[in-house]
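In the numbering used here, the protein residues as written are 7 to 434.
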């Protein structure tokens, strides 16, 4: 884990939030390579669940919602942790994590009795901080899809089963975040709410478990590092009939990447009751009106990025050196091509290399780099997962060819400049 954290900082994937001011605990900023990896992951998800299916529609709901949404959903009443404060060092701890409920694990001081603390971040709408203006930062993206169920029916007229997909920020005032980007107070979710006839819900739930599990494998996740863990009855959310987590074997142990839950008809019933709106679905063929069940595959963007970084991190001996490579799937790799001049003191080579890089940028994420000797440049690109390195040398000026190096095999091909895009297109 230390190696991954070090690489992320050194190569511009992930930085500590507000670092020059000493940092803000458990906030993280994505640098140039990190934001590309994160965006590629989200694109791969959207492609899989929206573009490659006929039963999913995309949407993007507001972060700030009417406070009654969270009353209806049960978050105001039920979304809390029991926490205790240390009377000496003033630190706060989640009661469930304490071995001794009376003794501070940090300083040994006396702890207060545990009290409930709601996990939602509170803010106020408008310039005056009054109770009437209290609103929340959403703790999940799901409710935005539930409250738009009627809008989707009226505007798109979909037939069951159908789903809504959304990627967006959520916020939880966790007391014990940690493990780098795995658990943070500000995070991004990739969620689907799949509306289905109650009789078909069990099958749809299993189908989504299989479909989502395969997605991770298709993007290069090692099968031995993935598993499915069904929830026990006593750990199910109050609204769920069943839930299975897809877990990854992180360096710190097995932890959840994504949960696939059968939420039954709880959500639509709750919002119908609280809003006074009819949120049932009318089946024309059966002449039947009912509340659909909801299957929810919900994954974390940030923890998925971390899992793919851990999964792709690879060290190997090359002669006397250790080569570090991020063997990221081609869909996820932040940079597809790097163009490198063999001799940076030869203006004509540099000019040709920059010209090639600029041309490649029109088709792929490509970079130009001349800040070190060629050996170091290769190692640098290996560390960030760049798929191909294109080297421009003295001979390139004469034969109009460049050397293309494959990241994983390190094998090299000599390719004509005018055929370079065609060559890369076949590979990428």
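The beta-carbon is built from N, C-alpha and C at its ideal position, and this holds for glycine as well.
- When C-alpha distances from residue 121 are compared across 101, 76, 379, the shortest belongs to 101.
- By the Cβ-count criterion, residue 68 is exposed, with fewer than 16 other Cβ atoms from all chains shown falling within 10 Å of its own Cβ.
- Taken in chain order, the complete beta strand (DSSP E) segments of 3 or more residues contained in the segment 331-370 are 343-347.
- Here the segment 337-345 makes no contact with the segment 245-255; the two share fewer than three CB pairs at distances below 8 Å.
- Residues 297 of the same chain have their beta carbon placed closer than 7 Å to that of residue 275, with the five preceding and five following residues left out of the count.
- With a cut-off of 8 Å on Cβ pairs, the segment 193-205 is not in contact with the segment 318-330, counting fewer than three such pairs.
- Rounded to the nearest whole angstrom, the CA to CA distance from residue 265 to residue 97 is 31 Å.
- In the DSSP assignment, residue 141 falls within the beta strand (DSSP E) that extends over 140-142.
- With a 10 Å radius around the Cβ and a threshold of 16 neighbouring Cβ atoms, residue 134 comes out exposed.
- Within the same chain, and ignoring the five residues on either side of residue 71 in sequence, the residues whose Cβ sits closer than 8 Å to its Cβ are 141, 142, 144, 149, 150, 153.
- Taking every protein chain shown into account, the CB of residue 303 has 16 or more other CB atoms within 10 angstroms, so this residue is buried.
- Residue 65 and residue 159 do not touch by the CB rule: their CB atoms are close to 13 Å apart, not below 8 Å.
- Under DSSP, the beta-bridge partners assigned to residue 398 are 347.
- Distance from the Cα of residue 366 is smallest, within the candidate group 353, 346, 402, 352, for 346.
- Using a C-beta cut-off of 8 Å, the segment 217-237 makes no contact with the segment 190-197, since fewer than three inter-stretch Cβ pairs fall below that distance.
- Taking C-beta atoms under 8 Å as the contact rule, residue 311 and residue 44 qualify, at a distance of about 5 Å.
- Distance from the CA of residue 50 to the CA of residue 306, rounded to the nearest whole angstrom, comes to 14 Å.
- Residue 22 has its alpha-carbon roughly 6 Å from the corresponding atom of residue 29.
- With the rule of 3 Cβ pairs closer than 8 Å, the segment 407-420 counts as touching the segment 371-391.
- Membership of residue 299 in the beta strand (DSSP E) is indicated by the continuous run 299-306.
- Residue nearest to residue 377 within the set 364, 351, 358 is 351 (criterion: CA-CA distance).
- The C-beta separation of residue 177 from residue 191 comes to about 6 Å, placing the pair in contact by the 8 Å criterion.
- Within the same chain, 267, 268, 269 come within 7 Å of residue 246 by CB-CB distance, once the 5 residues on both sides are set aside.
- In this structure, the alpha-carbon of residue 106 lies about 28 Å from that of residue 187.
- Proximity to residue 78 across 282, 400, 15, 172 peaks at 282, based on C-alpha coordinates.
- For residue 277, the enclosing alpha helix (DSSP H) stretches over residues 272-281.
- Residue burial is scored here from C-beta neighbours: residue 239 has fewer than 16 other C-beta atoms within 10 angstroms and is therefore classed as exposed.
- DSSP places residue 88 in the strand class (E or B) of the three-state scheme.
- Our two residues, residue 41 and residue 294, have alpha carbons roughly 47 Å apart in a direct line.
- Residue environment analysis places residue 155 among the buried positions, since at least 16 neighbouring C-beta atoms fall within 10 angstroms of its C-beta.
- For residue 262, the closest of 212, 313, 228, 403 by C-alpha to C-alpha distance is 313.
- Under the 10 Å beta carbon count, residue 230 is surrounded by fewer than 16 other beta carbons and is classified as exposed.
- Residue 26 sits exposed, since fewer than 16 C-beta atoms from the chains shown fall within 10 Å of its C-beta.
- In this structure, residue 221 places its C-beta atom within 8 Å of the C-beta atom of residue 54.
- Taking 8 Å as the cut-off, the Cβ atoms of residue 320 and residue 225 do not count as close.
- Between residue 210 and residue 167 the beta-carbon gap is near 6 Å, inside 8 Å, which marks them as a contact.
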